[in-house]
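Numbering follows full-length UniProt numbering, with no gaps: position 259 of the sequence shown is 259. The beta carbon of each residue, even a glycine, is placed where N, CA and C say it ideally should be. Here is the structure we will look at.
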Amino acid sequence: MNIDYLRTFLTLAENGSFSETAKEHIVVQSTVSSRIQELEKELGQSLFIRSYNHAELTLAGQAFLEYAKNIVELENRAFDRIGLVGQFSERLTIGTVYAFHKCYLVQGTRRFLEKHSDISVRIEFGHSRHIISAMHQGKIDIGYSHHPFRHTGFQCDLVCEDEIILVTSKQPTDLNECITLKDMETLRIYNSNFLYADTHNRIFSRYKAFQLDIDIGENIVPYLLNDDGYAFVPRKMVEQELSNESLFEVTILNEEIPSMKNYVIYKPTSPKRKLIQQWLNEVVSD
Numbered sequence: 001m002n003i004d005y006l007r008t009f010l011t012l013a014e015n016g017s018f019s020e021t022a023k024e025h026i027v028v029q030s031t032v033s034s035r036i037q038e039l040e041k042e043l044g045q046s047l048f049i050r051s052y053n054h055a056e057l058t059l060a061g062q063a064f065l066e067y068a069k070n071i072v073e074l075e076n077r078a079f080d081r082i083g084l085v086g087q088f089s090e091r092l093t094i095g096t097v098y099a100f101h102k103c104y105l106v107q108g109t110r111r112f113l114e115k116h117s118d119i120s121v122r123i124e125f126g127h128s129r130h131i132i133s134a135m136h137q138g139k140i141d142i143g144y145s146h147h148p149f150r151h152t153g154f155q156c157d158l159v160c161e162d163e164i165i166l167v168t169s170k171q172p173t174d175l176n177e178c179i180t181l182k183d184m185e186t187l188r189i190y191n192s193n194f195l196y197a198d199t200h201n202r203i204f205s206r207y208k209a210f211q212l213d214i215d216i217g218e219n220i221v222p223y224l225l226n227d228d229g230y231a232f233v234p235r236k237m238v239e240q241e242l243s244n245e246s247l248f249e250v251t252i253l254n255e256e257i258p259s260m261k262n263y264v265i266y267k268p269t270s271p272k273r274k275l276i277q278q279w280l281n282e283v284v285s286d
């Protein structure tokens, strides 16, 4: 049974979209369709009910889902084990959103590596949807996401919350240290993608075009320095810039920006559960 077909099946089962699955696996949509068809031919069962823009698991697909997960996870563990022989006793694969890694994981990971010299750690980066997908497919052991993942067999805990603030490198004055949402219409706003969708749509038009739109919000800071732009960022991410006054916080009157939540996701029944618990106990601290 082709492992790539199984990975494609798992992604499609999760998101229900042939086009999104194609993007996830960096293939054309017809390749996704052919992989699913080959699986169905091999199993002698239809795995999905297809509509114009959605795919839903059949009863056979639901029955096959856990087996597919186990097969993919077993292959991942096998390759990990083979590669570790003679060098390390175990490998831990961490998936994380970018800002959480910068703010919370770097120092803790260094300490963990120093304490556990026999453990190999791999860190993969992505947006929340990619981290959740990788967790669901068994590609990673621990995932850090800005969105929760509630699914049978997985544990999802809130690690911490980050205050989101509006910053700029312009020295504030009595006139602009506090602004209103109306005032923001005249400001040069850069989109850092740190706001949740409902907050973004409340503050801006849903279809607002920005002169600068950063896919990975962590990379917005260099564009703000010595510039007249403004952006929403986690306070913790710019603590140093606020301290040395290369960036300044701007208060928005009568508006509360929801904090950005950080979740950790893992499988309590994982064969690596002891090592996972060690990581959770030792690495992240506010």
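Original post:
Which word fits M1, buried or exposed, when buried means at least 16 other C-beta atoms lie within 10 angstroms of its C-beta?
Top reply: Here residue 1 refers to the residue found at position 1 when the sequence shown is read from its first residue. M1 is exposed by the Cβ-count criterion.
Original post:
Three or more C-beta pairs closer than 8 Å, one from the region 30-43 and one from the region 75-94: is that the case here?
Top reply: no
**OP:** Taking the CB atoms as reference points, tell me whether F18 and L10 lie closer together than 8 Å.
**Re:** Counting from 1 along the sequence shown, the entry for residue 18 is found at position 18. Counting from 1 along the sequence shown, the entry for residue 10 is found at position 10. Contact: no.
Original post:
What do you get for D215, buried or exposed, if any count of 16 or more other CB atoms within 10 angstroms of its CB means buried?
Top reply: Taking the sequence shown and counting its residues from 1, one reaches residue 215 at position 215. It is exposed - the Cβ of D215 has fewer than 16 other Cβ atoms within 10 Å.
Original post:
Touch check for the region 97-116 and the region 60-78: three-plus C-beta pairs under 8 Å?
Top reply: no
Subject >> Of the listed residues S259, D183, K267, E161, nearest to A197 (C-alpha basis) >> reply: The residue you call residue 197 lines up with position 197 of the sequence shown. Of S259, D183, K267, E161, the smallest CA-CA separation from A197 is found for S259.
**OP:** Have a look at L242 and E20 and give me their C-alpha separation to the nearest angstrom.
**Re:** Here the question's residue 242 lines up with position 242 in the sequence shown. Here the question's residue 20 lines up with position 20 in the sequence shown. L242 and E20 have their C-alpha atoms some 39 Å from each other.
**OP:** Over the uninterrupted alpha helix (DSSP H) stretch that includes F112, give me the two end residues.
**Re:** For the purposes of this step, residue 112 is taken as residue 112 along the sequence shown, with counting starting at 1. Element bounds for F112: 106-115.
**OP:** Would you be able to state if there are at least three C-beta pairs under 8 Å between the region 159-167 and the region 220-236?
**Re:** yes
Subject >> CB of Y223 within 8 Å of CB of G217, strictly >> reply: To locate residue 223, count along the sequence shown from 1; it is residue 223. To locate residue 217, count along the sequence shown from 1; it is residue 217. Y223 is not a Cβ neighbour of G217, given a cutoff of 8 Å.
Original post:
How many angstroms separate the CA atom of M135 from the CA atom of D227?
Top reply: For the purposes of this step, residue 135 is taken as residue 135 along the sequence shown, with counting starting at 1. For the purposes of this step, residue 227 is taken as residue 227 along the sequence shown, with counting starting at 1. Each residue's Cα considered, the two are about 39 Å apart.
Original post:
Candidates I142, H146, E256, G16: which alpha carbon is nearest N262's?
Top reply: To locate residue 262, count along the sequence shown from 1; it is residue 262. The shortest C-alpha separation from N262 is found at H146.
Subject >> Rounded straight-line distance, which links the Cα of E163 to that of F248 >> reply: Position 248 of the sequence shown holds residue 248. Position 163 of the sequence shown holds residue 163. Taking the Cα positions, F248 is about 15 Å away from E163.
Original post:
Nearest-angstrom Cα distance between K69 and E114?
Top reply: For the purposes of this step, residue 69 is taken as residue 69 along the sequence shown, with counting starting at 1. For the purposes of this step, residue 114 is taken as residue 114 along the sequence shown, with counting starting at 1. Note on geometry: alpha-carbon atoms of K69 and E114 lie some 33 Å from one another.
Original post:
F125 by DSSP, collapsed to three states: which one?
Top reply: Start at 1 with the first residue of the sequence shown, and residue 125 comes out as number 125. Note: F125 maps to strand in three-state DSSP.
**OP:** Return the CA-CA distance between E256 and T199, expressed in angstroms with no decimal places.
**Re:** Within the sequence shown, residue 256 is the residue found at index 256, counting from 1. Within the sequence shown, residue 199 is the residue found at index 199, counting from 1. In a straight line, the C-alpha of E256 is about 10 Å away from that of T199.
**OP:** Classify L247 as helix, strand or coil using the three-state DSSP reduction.
**Re:** Here residue 247 refers to the residue found at position 247 of the sequence shown. DSSP places L247 in coil when its eight states are reduced to three.
Original post:
Under the rule that 16 or more other beta-carbon atoms within 10 Å means buried, what is residue 290, buried or exposed?
Top reply: Here the chain covers residues 1 to 286 and nothing more, so residue 290 does not appear.
Subject >> Length of the line joining the Cα atoms of K208 and S192 >> reply: Position 208 of the sequence shown, counted from the first residue, corresponds to residue 208. Position 192 of the sequence shown, counted from the first residue, corresponds to residue 192. Cα-Cα distance, rounded: 13 Å.
Original post:
C156 bridges to which residues according to DSSP?
Top reply: Against the sequence shown, residue 156 aligns to sequence position 156. DSSP, once it has assigned bridges, lists I265 as partnering C156.
Original post:
What is the C-beta distance between L105 and T93, in whole angstroms, given that I count them as a contact (C-beta under 8 Å)?
Top reply: The residue you call residue 105 lines up with position 105 of the sequence shown. The residue you call residue 93 lines up with position 93 of the sequence shown. About 13 Å separates the two Cβ atoms, so there is no contact after all.
Subject >> Whether V250 touches I179 by CB criterion (8 Å) >> reply: On the sequence shown, residue 250 is found 250 positions in, with the first residue counted as 1. On the sequence shown, residue 179 is found 179 positions in, with the first residue counted as 1. Yes.
Subject >> Nearest-angstrom Cα separation, counted from I265 out to N53 >> reply: Within the sequence shown, the letter at position 53 stands for residue 53. Within the sequence shown, the letter at position 265 stands for residue 265. The alpha-carbon atoms of N53 and I265 are separated by roughly 29 Å.
**OP:** For the alpha helix (DSSP H) containing R50, list its first residue and its last residue.
**Re:** The residue you call residue 50 lines up with position 50 of the sequence shown. Per DSSP, R50 belongs to no alpha helix (DSSP H); it is in the beta strand (DSSP E), 48-50.
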